[in-house]
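The structure appears below as structure tokens.
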Amino acid sequence: MPIDTSNLPVSGGLIVAGLIYAGIVTFGLAPMVAKRTIERSNWDAICKAGLQAEISAKRSPPRFIPRTDCKSIFGSFMPELGALCSKYGNPDFGGPATQLMQAQERAKREFENRRLTRIASQTGSRCECASAIVSEKRAWAIYSGSFRLITPPSVSNNLNSSLVRALRSPQCSMKG
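At position 96 of the sequence shown (counting the first as 1) the number is 118 in the working numbering, and the numbers step up by one without a gap.
Shown next, in the form of structure tokens:
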């Protein structure tokens with residue numbers, strides 16, 4: 023059953039043109055405008071710097087392992103004894119136990135550095151994920167479809183908070 027558009031205040035061609043325009047704006051123009059607006063806000067640099075700072079804050083403090091060699095023990099009390107220790111070989115009183123603790127701490131540091139380097143290498147994809155999620159919102163279709171005359175609050179005022187919220191969302195988060 024065909025639809026009779028002769029009773030409408032506008033012609034059928036205008037309705038079809040409006041639907042085509044809405045489709046072009048929603049699926050073609052809105053993502054492009056969103057991408058350019060997000061790029062102009064310098065989101066990528068801000069996001070990467072924030073994630074790098076967050077990763078650095080996750081680093082555990084180094085464990086203090088006291089030095090047990092002659093110069094460290096006796097040289098701190100009397101520099102002459104430290105010089106004497108240096109002259110005769112500076113023996114280590116801690117022996118294998120201290121060396122084992124130092125080796126364990128080095129291995130722990132190396133593992134943590136590899137893990138944090140792997141996480142840091144994925145910051146770019148997380149930032150791109152957040153901008154992709156924000157670009158999919160309908161507000162961008164209104165913004166670009168009205169030739170930027172109508173600016174929804176989520177586009178003008180809350181762009182950065184929307185991006186941060188998308189970055190923290192389960193779609194863009196990663197397990198470290």
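Each residue gets a CB set at the ideal place from its N, CA and C atoms; glycine is no exception.
Asked	Found
Own chain partners of Ala152 with C-beta closer than 6 Å, once the 5 adjacent residues on each side are dropped	Leu185, Ala188, Leu189, Cys194
Whole alpha helix (DSSP H) elements within the region 98 to 176, 4-residue minimum	101 to 109, 117 to 143, 145 to 157, 161 to 167
Which of helix, strand or coil DSSP assigns to Asp66	helix
Asp66 versus Met123 - alpha carbon distance	41 Å
Beta-bridge partners of Asp91, as assigned by DSSP	Asp114
Nearest candidate by alpha-carbon position, reference Ile77, set Gln144, Arg89, Ser183	Gln144
Whole-Å CB distance - Gln74 paired with Ala163, under 8 Å assumed	That belief does not hold up - the Cβ atoms of Gln74 and Ala163 are roughly 34 Å apart, past 8 Å.
Local conformation of Asn180 per DSSP, three classes	coil
Status (buried if at least 16 other CB within 10 Å, exposed otherwise) for Ser183	exposed
Simplified DSSP state of Gln187, which is helix, strand or coil	Rather than Gln, the amino acid found at residue 187 in this sequence is Arg. Three-state DSSP puts Arg187 in a helix.
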